[in-house]
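Enquirer:
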Amino acid sequence: MSGELAKLLSDLKEPEALAFVEKALGDGVDPMDLLGEAKEGMNIVGQRFASQDYFIPDLVFSGEILKGVVKRLEPHLKKGAEPERIGKVIIGTVAGDIHDIGKDLVVFMLDVNGFEALDLGIDVPVEKFVDAIKASGSTVVGLSGFLTLAFDSMKDTIDAIKDAGLRDQVKIMIGGGQINDEVKSYVGADAYGRDAVEAVKLAQGWIGG
Amino acid sequence: MEKKWEEMSSDEKQEAQFQKLLTPKDPEGNDLQFQSPEAEATYKASINRIKDAVQLKKPDRVPVCIFPGMFPWVYSGMTIEEAMYDYDKCIAAFKKFILDFKPDIHFGAAAPGPGKFYEILDYKLYAWPGHGVKPEHSYQCNEGEYMTADEYDLLITDPSFYFRNFYLPRVFGALDGFTMLPPLTGILEMYGVAFNFIPFALPPVQNTFKALFEAGAEALKWAMAVGGTDGELATLGFPNILGGFTKAPFDTIGDTLRGTKGIMLDMYRQPDKLLQALEAITPIMIGMGLGAAQQTGNPVIFMPLHKGADGFMSDEQFKTFYWPTLRAVILGLIEGGCIPFIAAEGGYNSRLEVIRDIPKAKTIWMFDQTDMVKAKEIVGDTLCLWGNMPSTMLKIGSPEEVKDYAKKLIDTAGKGGGFIMANGAFFDHAKPENVKAMVDFTKEYGGYE
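First to last, the protein sequences are chains L and H.
Take the first sequence: its letters are residues 0 to 208, numbered as in numbering that gives the first Met the number 0.
Take the second sequence: its letters are residues 0 to 448, numbered as in numbering that gives the first Met the number 0.
As structure tokens, this is what we get:
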């Protein structure tokens, strides 16, 4: 059975993947092994997204299949069996902007790649980012924004992080529909990522994993 | 004898539409009185320039337009809230924007919309100043599943009934009474006809209608203000050629009904239902554009594309779910004498070969992050290119950078005609000197011959 669930999940076979989990659990397969396989499947999905074999609908759907798998596994998993996370990444859509699709994809991809994504949500006030850095000790911050107003909100957020004396402790990445390298320079971020895969690569480069 | 509209070919219809634009009327139906002979000449030169560009011919020079989001109001130093609630301020700012920047054509001052109208109907689909975002921020969609995954059959069977009884009450709090109304198609004959009208006696329905009367009056007040500015700007030489808007069926369902996530899951879990629903609303999307064009007398029908961009789906998914019904809407609009003006938000680099499959010289495509050199090469003989001055450059670049970019666009995308200079994506914030540089440089450098 090795690899079967990873294959079903990465091939986006939802009913088959869920039926496989039900059957495996009935057969007494260790739920931790199944969870590991599901993660392996998600890694394959991430690779296919990076190589442009998969696109956003496929990513979104794989996330839903994973949710279904985890829901079936959860009652069988020992409490506290949560695996060690590579590191924490703070993510949020900046003040004034309520777009969440891109941000949610980044949160999702960070999560399946072993990071703890601290999602501050949308329209996040600058102080909230500062407070989150202080409280979590996270060394990577991701700022998302779709509208032109987000450029200035990103700049304000990064300025506030500077003013709080935290700029040297964190790497800051930005992303969103109109974001490019010019915006990166304008707002004073460390990097710009075109999509969720690039966000993961940036986090890996800074934190490891 | 003149041919009847129905007997005309789509070429003849397009020609007739442009002739109508070249002989503008005032609201009473008389010939529009321009404020000066120069204004009249400017007006007509602009229409002819756009006409040549659409028809892939060489105009006298590259036409230049600005199609902003909230920039005209931000530029005037007012908040978005003021622009939405004070119609006089809204139109004064728009007029100033046009007179200061002098683009060839414009699309009117309707972008902020009537704030009070949204309040009366308790619009939940968007956050707007005072209702979820700050006074200085533009309105933004509250994404959600306003149509649930199991409602496709309802939508497919009778889209209007579904909209009225299910969708509209979910997005407008004040339209709750609509849930109690029977289908109109049950009103057939003497026996039993009266039963259909009983809901109108019920207080929730009556409250909904009261809100509608009030909302209608507010919408009219706003439209008169906005329309008046169009008329005034026309007499000054600045035509608004926007006739209305419609959408790609996939976006209609994906943007505000099922939501981005919802429709993406439907592509896997119930693809047949999704395809059926897309088919069902296609003629409605065509009718929406044609009806608006008839009402406004303007042929250009705006279609913002959202979920078909590069990366948003695979080419295979694009060809299966997005393109067939979008293409049908485009063809339907062309057949009806309209000029679809399609804003391909994001990148369309991987879609160029596919979108080529439409009648030549009948559409305008606004490109955002599409490679314009590649676009010129692949679709330049099919459609009029519009764009793609980056909004990031307008906001954080310098006038020199804008001019350099504009020069490249004119030299490549503009070669031989079929190109309109403009921003590629909607923007609220920009350096005025950059916007000015785009317009002035195009007028100065963009001449043909």
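We treat Cβ as the ideally placed atom computed from N, Cα and C, and that holds for glycine.
If you draw a straight line from the alpha carbon of residue 84(L) to that of residue 115(L), how long is it in whole angstroms?
Expert: Cα to Cα, the separation comes out at about 6 Å.
Enquirer: Out of 195(L), 205(L), 204(L) and 132(L), state which residue places its alpha-carbon closest to the alpha-carbon of residue 48(L).
Expert: Answer by Cα proximity: 195(L).
Enquirer: Going by C-alpha distance, which of 199(L), 201(L), 176(L) and 191(L) is nearest residue 424(H)?
Expert: The shortest C-alpha separation from residue 424(H) is found at 176(L).
Enquirer: Between the segment 420-433 of chain H and chain L, which residues of the former have a C-beta closer than 9 Å to a C-beta of the latter?
Expert: Cβ contacts with chain L: 424, 425, 426, 427, 428 and 429.
Enquirer: Give me the Cα-Cα distance between residue 478(H) and residue 7(H), rounded to the nearest whole angstrom.
Expert: Given a span of 0 to 448 for chain H in the structure shown, any question on residue 478(H) remains unanswerable.
Enquirer: Considering only the alpha carbon of each residue, which of 11(L), 76(L), 190(L) and 147(L) lies closest to residue 27(L)?
Expert: Residue 27(L) has its Cα closest to that of 76(L), out of 11(L), 76(L), 190(L) and 147(L).
Enquirer: Going by other Cβ atoms of all chains shown within 10 Å of its Cβ, with 16 needed for buried, is residue 253(H) buried or exposed?
Expert: When all chains shown are included, residue 253(H) counts as buried.
Enquirer: Output yes or no for whether 8 Å exceeds the beta carbon distance between residue 368(H) and residue 345(H).
Expert: Taking 8 Å as the Cβ cut-off, residue 368(H) and residue 345(H) qualify as a contacting pair.
Enquirer: With 16 other CB atoms within 10 Å as the buried threshold, where does residue 29(H) fall?
Expert: It is exposed - the Cβ of residue 29(H) has fewer than 16 other Cβ atoms within 10 Å.
Enquirer: For residue 115(L), report the span of its beta strand (DSSP E) as first-last.
Expert: Segment 115-118, the beta strand (DSSP E) holding residue 115(L).
Enquirer: Of all the alpha helix (DSSP H) runs that stay within the bounds of the segment 364-433 of chain H, which reach a length of 4 or more residues?
Expert: List check, alpha helix (DSSP H) in window: 371-378, 390-395 and 398-411.
Enquirer: By a C-beta neighbour count over all protein chains shown, 10 Å radius and 16 as the cutoff for buried, is residue 212(H) buried or exposed?
Expert: Result: exposed.
Enquirer: Looking at residue 180(H) and residue 163(H), is the spacing between their C-beta atoms short of 8 Å?
Expert: Yes, Cβ-Cβ distance for residue 163(H) and residue 180(H) is below 8 Å.
Enquirer: Just checking my contact of residue 18(H) with residue 234(H) at CB under 8 Å: how many whole Å lie between their CB atoms?
Expert: The Cβ separation is near 20 Å, so there is no contact.
Enquirer: Nearest chain H C-beta to residue 182(L) closer than 8 Å, yes or no?
Expert: Closer than 8 Å: yes.
Enquirer: Considering only their Cβ atoms, is the gap separating residue 190(L) from residue 209(L) smaller than 8 Å?
Expert: Outside the displayed span of chain L (0 to 208) sits residue 209(L), for which this structure offers no information.
Enquirer: I'd like to know whether the C-beta of residue 56(L) is nearer than 8 Å to at least one C-beta of chain H.
Expert: Yes, residue 56(L) lies at the interface with chain H (some Cβ there is under 8 Å from its Cβ).
Enquirer: Does the beta carbon of residue 59(L) come closer than 8 Å to any beta carbon on chain H?
Expert: Chain H contact via Cβ: present.
Enquirer: Roughly how many angstroms lie between the CA atoms of residue 138(L) and residue 109(L), to the nearest whole one?
Expert: In a straight line, the C-alpha of residue 138(L) is about 14 Å away from that of residue 109(L).
Enquirer: What's the call for residue 139(H), buried or exposed, on a 16-neighbour Cβ count within 10 Å?
Expert: Result: buried.
Enquirer: Taking the C-alpha atoms as reference points, what is the distance between residue 342(H) and residue 105(H)?
Expert: Near 15 Å, if we compare the C-alpha coordinates of residue 105(H) and residue 342(H).
Enquirer: Quickly, what does DSSP pair residue 160(H) with across the bridge? List them, please.
Expert: Answer by DSSP bridge pairing: none, since residue 160(H) is not bridged.
Enquirer: Look up residue 0(L) in the DSSP assignment and say whether it is helix, strand or coil.
Expert: The predicted model places residue 0(L) with a pLDDT of 44, which falls under 50 and marks its position as unreliable; any figure quoted below should be read in that light. Residue state, collapsed to three classes: coil.
Enquirer: Alpha carbon to alpha carbon, what distance is there between residue 61(H) and residue 212(L)?
Expert: Summary: the structure shown does not reach residue 212(L), with chain L confined to residues 0 through 208, and so no result is reported for it.
Enquirer: Under the rule that 16 or more other beta-carbon atoms within 10 Å means buried, what is residue 443(H), buried or exposed?
Expert: The residue in question, residue 443(H), is exposed, as its Cβ has fewer than 16 Cβ neighbours within 10 Å.
Enquirer: Which residues, in order along the segment 100-128 of chain L, keep a beta-carbon less than 8 Å from a beta-carbon of chain H?
Expert: Going along the segment 100-128 of chain L in chain order, one finds 100 and 122 with a Cβ nearer than 8 Å to chain H.
Enquirer: Can you name the start and end residues of the alpha helix (DSSP H) that residue 62(L) belongs to?
Expert: Run containing residue 62(L): 55-72, per the alpha helix (DSSP H) assignment.
Enquirer: Counting contacts by CB-CB distance shorter than 8 Å, is residue 46(L) in contact with chain H?
Expert: No - not a single Cβ of chain H is within 8 Å of the one on residue 46(L).
Enquirer: Determine, using beta carbons only, whether residue 316(H) comes closer than 8 Å to chain L.
Expert: Yes - at least one Cβ of chain L is within 8 Å of the one on residue 316(H).
Enquirer: Answer yes or no: does any C-beta atom of chain H fall closer than 8 Å to that of residue 0(L)?
Expert: Note that residue 0(L) scores a pLDDT of 44, beneath 50, so its modelled location is shaky; the value from the coordinates is reported in the next line. It does not; no Cβ of chain H falls within 8 Å.
Enquirer: Using a Cβ-Cβ distance cut-off of 8 Å, determine whether residue 191(L) contacts chain H.
Expert: False, the Cβ-Cβ gap to chain H never drops below 8 Å.
Enquirer: Please say whether residue 247(H) and residue 154(H) have beta carbons closer to each other than 8 Å?
Expert: For residue 154(H) and residue 247(H), no; Cβs fall outside 8 Å.
Enquirer: Are any of the Cβ atoms in chain L nearer than 8 Å to that of residue 435(H)?
Expert: No, because no Cβ of chain L sits closer than 8 Å to the Cβ of residue 435(H).
Enquirer: What's the C-alpha gap between residue 251(H) and residue 332(H)?
Expert: Between residue 251(H) and residue 332(H), the C-alpha separation is close to 16 Å.
Enquirer: How would you write the range of the alpha helix (DSSP H) that residue 351(H) sits in, first residue to last?
Expert: Run containing residue 351(H): 351-354, per the alpha helix (DSSP H) assignment.
Enquirer: Residues bridged to residue 309(H) by DSSP?
Expert: Looking at the DSSP assignment, residue 309(H) forms a beta bridge with 312(H).
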